[in-house]
Amino acid sequence: MRKWIVFVLLLIGFGASAAEVKLLFFYLTGCSQCAPMKEFLAELAERYPELEVRAYEVGLSPKNWRLMMRLADAYELKDAEVPVVFVGELGVAGPAPGNTLLIEEEVQRCIAEGCPSPIERLGRGRWIPSLNPLETVVLALFLAWALYTVLQG
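So this is what it looks like as structure tokens:
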């Protein structure tokens with residue numbers, strides 16, 4: 230009987246750990262400003278085991294680009310310049326020097342108080358569809374080809 234009580238108490242103790250915090254990180258491959266943020270987030274995840282960092286490359290993925298833009302709208306970010314990070318109630322964009330401090334403070338707050346995933350904010354805002362860089366290039370090439378074809382014929 231005592232073994233069961235000890236077992237149940239151990240389960241309760243392991244289950245009572247701090248809340249899991251989800252952080253979404255959007256970047257472009259080759260972005261000089263994104264690499265330091267990526268390193269910072271890796272270090273942050275090591276210091277806070279409750280933190281789950283999800284990274285999304287937006288240059289070659291229209292789906293990831295649209296997700297970033299929808300979240301930027303929901304968080305009311307004016308400019309979604311990579312790197313972009315969303316965690317708890319915080320959305321930051323660009324290489325501003327204070328962003329890392331703000332991110333760490335929000336992670337600590339979310340661990341202590343609990344925070345919903347940034348994905349849960351997607352219903353907010355007035356998202357306007359936009360093209361990611363790859364789609365823009367493809368569209369420009371297609372339009373140039375179509376114009377060339379019309380002018381030649």
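Residue numbers 230 to 382, in the working numbering, belong to the letters of the sequence shown in order.
We put the CB at the ideal spot given by N, CA and C, even for glycine.
{"Asked": "Whole-angstrom distance between F371 and C344, CA atom to CA atom", "Found": "44 angstroms"}
{"Asked": "Cα-Cα separation, L270 to L380", "Found": "51 angstroms"}
{"Asked": "Cβ contact (3+ pairs, closer than 8 angstroms) linking the stretch 252-267 and the stretch 280-292", "Found": "yes"}
{"Asked": "Between the CA atoms of E333 and V250 - distance to the nearest angstrom", "Found": "12 angstroms"}
{"Asked": "Classification of S261 by the beta-carbon crowding that lies within 10 angstroms, buried from 16 upward", "Found": "exposed"}
{"Asked": "Selection from L330, T329, F315, E310 that minimises the alpha carbon distance to G323", "Found": "E310"}
{"Asked": "Expected contact under 8 angstroms - CB spacing of A301 and L351 to nearest Å", "Found": "That pair is no contact at about 11 angstroms."}
{"Asked": "Continuous beta strand (DSSP E) assignments of at least 3 residues falling wholly in the stretch 304-345", "Found": "313-316, 319-322"}
{"Asked": "Three-way DSSP call (helix, strand, coil) for L280 in this model", "Found": "strand"}
{"Asked": "Any non-hydrogen atom of the ligand FAD closer than 7 angstroms to L270 Cβ", "Found": "The ligand FAD is absent from the structure shown, which contains no ligand whatsoever."}
{"Asked": "S290 versus R276 - alpha carbon distance", "Found": "30 angstroms"}
{"Asked": "Of the listed residues T258, V336, V314, nearest to G288 (C-alpha basis)", "Found": "T258"}
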